[in-house]
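Novice:
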Ligand SMILES: Nc1ncnc2c1ncn2[C@@H]1O[C@H](COP(=O)(O)OP(=O)(O)O)[C@@H](O)[C@H]1O
Ligand SMILES: O=C(CO)[C@@H](O)[C@H](O)COP(=O)(O)O
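Here it is, written out as structure tokens:
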């Protein structure tokens with residue numbers, strides 16, 4: 013047991029798409045403090061919309077200095093809330109996956125000489141060779157995906173090695189695009205971080221290594237030997253290995269916190285920084301998924317993930333290195349059109365109120381009279397198409413539904429069915445032991461969760477604490493700093509200390525389940541039709 017943990021805290025961070033969240037957990041891993049910085053509202057000078065800047069041709073970026081400034085703000089808020097940061101024994105964090113940060117030559121000197129009399133954003137204003145980082149919502153790199161797959165012979169071989177076929181949002185193709193279109197930037201870049209390791213770098217005052225789990229979401233890491241794949245590195249850009257640095261095992265203590273934080277915020281100089289990771293791996297760490305269970309994150313992205321015994325990448329979804337057990341893997345599939353699409357349909361049909369949105373869900377018929385709607389505001393990851401597609405009960409494409417509010421139910425039902433369809437392809441099977449652990453901003457909406465429960469024919473639970481990603485990062489810090497000698501498994505250790513509880517939110521309605529059983533195959537047909545329509549419109 014981490015016996016002196018009971019006087020000490022851990023600090024965890026989640027740098028997600030729309031905000032930076034910080035929580036402080038006590039020795040029993042109970043939340044003592046929390047704060048957050050919402051990028052659009054609190055840092056309007058960066059002019060982001062939901063934390064990103066969308067440009068033409070599927071380019072989506074985020075200002076790296078916005079993230080730095082958010083950290084300045086969040087730490088000041090945390091200190092102002094009365095948190096004694098000298099009690100923080102360890103720090104771990106997570107961040108939106110796949111995005112990349114480009115440190116300019118000699119930025120390591122800036123990192124190691126941060127001035128406690130100045131804001132981080134002032135000290136690091138000239139640290140970056142690329143001021144707008146590509147993020148996971150970008151899908152402008154299809155050309156580089158094809159090149160990467162061709163270098164392996166085909167997409168299957170790339171998937172078998174790196175856990176995924178080439179994906180537009182994955183870091184390999186993003187770096188390849190920078191090297192190809194901005195060679196001067198690549199030339200003056202001495203380090204390339206993921207967003208998670210970029211955040212860790214600031215806390216250690218030097219370049220932090222990329223961890224195995226977030227690193228396996230890049231198309232660059234061999235997920236079996238957990239080393240950079242030379243073939244992939246060479247296919248992307250010259251000298252890339254030097255710019256990435258070595259990878260590090262998850263749950264590794266990277267070092268002590270930089271003096272900047274001791275002098276400016278009163279952190280304990282003995283405070284340890286533990287390797288950061290991706291938000292979805294951290295979420296998995298935050299939830300102790302049992303056999304037959306699947307986690308769903310309803311955040312900016314809708315993401316399904318589960319723990320896997322075997323790790324063989326395929327053409328659908330992703331296999332990542334497991335963040336808390338190096339003998340296991342993690343299956344994941346992500347949908348870009350999640351919360352922001354739900355918000356758009358809400359605003360279009362009922363305005364700002366989620367209550368009105370939910371009222372429609374609760375007063376309209378299960379199955380929407382057989383009408384199906386597919387809403388791909390952004391070019392979707394799977395399937396790789398964009399646009400809106402509505403189908404009547406006979407599967408014919410129509411331009412609108414008989415009643416506009418039918419879009420509300422159609423959006424939620426199609427998103428829920430998509431989650432189930434693809435979860436099953438990841439290895440989930442709905443049966444008597446199946447259940448869903450839900451997280452993410454939309455997990456507070458029980459009207460949406462009831463539809464998910466009915467589509468999956470499974471109960472929906474949540475953790476007794478919000479923000480599973482932030483929570484998981486805190487658990488990772490506590491585990492990495494445990495004083496116990498025995499190799500106690502991660503979840504046993506966490507359960508021992510925290511006595512975590514789950515809250516049952518919804519149970520499936522038998523009648524509704526039967527309706528959705530009929531709709532799953534119909535949804536699949538409509539998705540295939542939408543795919544055909546999209547590409548027929550592309551060809552002259
Ligand atoms: N009551 C609600 N019903 C549905 N969605 C909600 C509700 N409250 C918040 N959300 C959604 O949660 C999203 C933010 O989720 P969150 O997981 O915090 O985002 P991220 O981690 O991707 O930055 C918002 O875009 C919002 O649409
Ligand atoms: O691309 C993925 C996972 O592959 C996304 O899940 C990002 O990691 C963003 O996460 P959220 O901001 O939606 O939590």
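Residue numbers (the numbering used here): 13 to 552.
Glycine is no exception: its CB is placed at the ideal position from the N, C-alpha and C atoms.
Could you check what DSSP says for residue 110 in three-state terms: helix, strand or coil?
Specialist: Here residue 110 is taken as the residue at index 98 of the chain shown, counted from 1. In the structure shown, residue 110 sits in coil (DSSP, three-state: anything other than H, G, I, E or B).
Novice: Alpha carbon to alpha carbon, how far is residue 525 from residue 64? Give it in angstroms, no decimals.
Specialist: The count along the chain shown starts at 1 and reaches residue 64 at position 52. The count along the chain shown starts at 1 and reaches residue 525 at position 513. When rounded, the distance between both Cα atoms is 37 Å.
Novice: DSSP three-state call for residue 137: helix, strand or coil?
Specialist: Along the chain shown, read from residue 1 onward, the residue named residue 137 stands at position 125. The answer is coil: DSSP assigns residue 137 none of H, G, I, E or B.
Novice: May I have the straight-line CA-CA distance separating residue 236 from residue 434, to the nearest angstrom?
Specialist: What you label residue 236 is simply residue 224 of the chain shown in a count that begins at 1. What you label residue 434 is simply residue 422 of the chain shown in a count that begins at 1. Taking the Cα positions, residue 236 is about 24 Å away from residue 434.
Novice: Measure how close the beta-carbons of residue 132 and residue 216 come, nearest whole angstrom, since I'm counting them as under 8 Å.
Specialist: Here the question's residue 132 lines up with position 120 in the chain shown. Here the question's residue 216 lines up with position 204 in the chain shown. No, residue 132 and residue 216 are not in contact; Cβ-Cβ is about 13 Å, not under 8 Å.
Novice: Residues in the same chain with beta-carbon distance under 6 Å from residue 29, minus the five sequence neighbours each way, listed in chain order, please.
Specialist: On the chain shown, position 17 is the one that residue 29 refers to. Answer for residue 29: 63, 108, 312, listed in chain order.
Novice: According to the Cβ coordinates, are residue 231 and residue 174 closer than 7 Å?
Specialist: Against the chain shown, residue 231 aligns to sequence position 219. Against the chain shown, residue 174 aligns to sequence position 162. Yes, the pair counts as a contact, with Cβ atoms nearer than the cut-off.
Novice: Give the residues whose C-beta lies closer than 5 Å to at least one heavy atom of ligand 2, in chain order.
Specialist: 28, 29, 108, 109, 148, 291, 311, 312, 313, 315, 346
Novice: Look at the alpha carbon of residue 88 and the alpha carbon of residue 377, and state the distance between them as a whole number of angstroms.
Specialist: Counted from its first residue, the chain shown places residue 88 at position 76. Counted from its first residue, the chain shown places residue 377 at position 365. The straight-line gap separating the alpha-carbon atoms of residue 88 and residue 377 is approximately 49 Å.
Novice: The alpha helix (DSSP H) with residue 499 in it runs from where to where?
Specialist: Reading the chain shown from its first residue, position 487 is the one you call residue 499. From DSSP, residue 499 is part of no alpha helix (DSSP H); its letter is neither H nor E.
Novice: Can you say whether residue 106 is buried or exposed, counting buried as having 16 or more other CB atoms within 10 angstroms of its CB?
Specialist: Walking along the chain shown from the start, residue 106 turns up at place 94. With 16 or more Cβ atoms within 10 Å of its Cβ, residue 106 is classed as buried.
Novice: Residues in its own chain within less than 7 Å of residue 319 by CB, not counting five upstream and five downstream?
Specialist: Along the chain shown, one-based indexing puts residue 319 at 307. Around residue 319: 296, 301, 334, 340, 342.
Novice: Would you kindly check if the distance between the Cβ of residue 203 and the Cβ of residue 224 is under 7 Å?
Specialist: As a first step, residue 224 must be located in the chain shown, where it is residue number 212. As a first step, residue 203 must be located in the chain shown, where it is residue number 191. No.
Novice: Taking 6 Å as the cut-off, is the beta-carbon of residue 422 closer than that to any non-hydrogen atom of ligand 4?
Specialist: In the structure on display, ligand 4 does not appear, and the ligands it does have are ligand 1 and ligand 2.
Novice: Between which residues of its own chain and residue 532 is the CB-CB distance below 7 Å, once the five residues before and five after are set aside?
Specialist: Against the chain shown, residue 532 aligns to sequence position 520. Around residue 532: 429, 432, 433.
Novice: Which of helix, strand or coil does DSSP assign to residue 308?
Specialist: Mapped onto the chain shown, residue 308 falls at position 296. Three-state DSSP puts residue 308 in a strand.
Novice: Thinking residue 37 and residue 43 are a contact (beta carbons under 8 Å), I'd like their distance in whole angstroms, please.
Specialist: As a working note, residue 37 is residue 25 in the chain shown. As a working note, residue 43 is residue 31 in the chain shown. Going by Cβ atoms, the distance from residue 37 to residue 43 rounds to 6 Å, so yes, they are a contact pair.
Novice: At 4 residues or longer, and completely inside the segment 308 to 370: list those alpha helix (DSSP H) runs for me, N to C.
Specialist: Taking only runs of at least 4 residues, the alpha helix (DSSP H) segments lying wholly in the segment 308 to 370 are 351 to 361.
Novice: To the nearest whole angstrom, what separates the beta carbons of residue 141 and residue 116, a pair I think is in contact under 8 Å?
Specialist: In the chain shown, the residue the question calls residue 141 occupies position 129. In the chain shown, the residue the question calls residue 116 occupies position 104. Indeed they touch by this definition, with Cβ atoms about 4 Å apart.
Novice: Excluding the 5 residues preceding and the 5 following residue 60 in the sequence, name in chain order all residues of the same chain whose CB lies nearer than 8 Å to its CB.
Specialist: Taking the chain shown and counting its residues from 1, the one referred to as residue 60 is at position 48. Correct list, in chain order: 51, 52, 74, 75, 78.
Novice: Do you know how far the Cα of residue 381 is from the Cα of residue 414?
Specialist: One-based indexing of the chain shown puts residue 414 at position 402. One-based indexing of the chain shown puts residue 381 at position 369. Those two C-alpha atoms are separated by around 10 Å.
Novice: How is residue 420 classed by DSSP in three states: helix, strand or coil?
Specialist: Locating residue 420 in the chain shown gives position 408, where the first residue counts as 1. It is helical.
Novice: Determine which residues share a DSSP beta bridge with residue 146 and list them.
Specialist: Locating residue 146 in the chain shown gives position 134, counting from the first residue. Answer is 73.
Novice: So what does DSSP say about residue 102, is it helix, strand or coil?
Specialist: Looking up residue 102 in the chain shown gives position 90. Of the three classes helix, strand and coil, the one that applies to residue 102 here is strand, per DSSP.
Novice: For residue 466 and residue 405, which I take to be in contact (beta-carbon distance under 8 Å), what is that distance rounded to the nearest angstrom?
Specialist: Your numbering for residue 466 matches position 454 in the chain shown. Your numbering for residue 405 matches position 393 in the chain shown. So it is not a contact: roughly 19 Å between Cβ atoms.
Novice: Return yes when the C-beta of residue 457 is under 6 Å from any heavy atom of ligand 1, and no when it is not.
Specialist: On the chain shown, residue 457 is found 445 positions in, with the first residue counted as 1. Answer for residue 457: yes, Cβ within range of ligand 1.
Novice: Give me the DSSP bridge partner(s) of residue 388.
Specialist: As a first step, residue 388 must be located in the chain shown, where it is residue number 376. Residue 388 pairs with 399.
Novice: Relative to the C-alpha of residue 442, which residue among 417, 470, 427, 455 is closest?
Specialist: Stepping through the chain shown from its first residue, residue 442 is reached at position 430. It is 470 whose Cα lies nearest to the Cα of residue 442.
Novice: On the three-state DSSP scale, how would you describe residue 407?
Specialist: The sequence position of residue 407 within the chain shown is 395, counting from 1. Correct three-state label for residue 407: coil.
Novice: From this set, 198, 196, 222, 197, which residue's C-alpha is nearest residue 208's C-alpha?
Specialist: The residue given as residue 208 occupies position 196 in the chain shown. Checked all of 198, 196, 222, 197; the closest Cα to residue 208 is 222.
Novice: Taking 6 Å as the cut-off, does the CB of residue 366 come closer than this to any heavy atom belonging to ligand 1?
Specialist: The residue you call residue 366 lines up with position 354 of the chain shown. Yes, the beta carbon of residue 366 sits closer than 6 Å to at least one heavy atom of ligand 1.
Novice: Taking only runs that begin and end inside the segment 454 to 496, name each unbroken alpha helix (DSSP H) of 4 or more residues, in chain order.
Specialist: 458 to 468, 480 to 492
Novice: By the three-class DSSP mapping on this structure, what secondary structure does residue 201 have?
Specialist: As a working note, residue 201 is residue 189 in the chain shown. Looking at residue 201 - three-state DSSP - the assignment turns out to be strand.
Novice: For residue 307 and residue 449, which I take to be in contact (beta-carbon distance under 8 Å), what is that distance rounded to the nearest angstrom?
Specialist: Position 295 of the chain shown, counted from the start, is the residue given in the question as residue 307. Position 437 of the chain shown, counted from the start, is the residue given in the question as residue 449. Right, the Cβ-Cβ distance comes to about 5 Å (below 8 Å), so this counts as a contact.
Novice: Compute the distance between the beta-carbons of residue 387 and residue 374, then report whether it is under 7 Å.
Specialist: Against the chain shown, residue 387 aligns to sequence position 375. Against the chain shown, residue 374 aligns to sequence position 362. In this structure, residue 374 does not lie closer than 7 Å to residue 387 by Cβ.
Novice: Report the rounded CA-to-CA distance for residue 495 versus residue 279, giving the unit in angstroms.
Specialist: The count along the chain shown starts at 1 and reaches residue 495 at position 483. The count along the chain shown starts at 1 and reaches residue 279 at position 267. Rounded to whole angstroms, residue 495 to residue 279 spans 21 Å at the Cα level.
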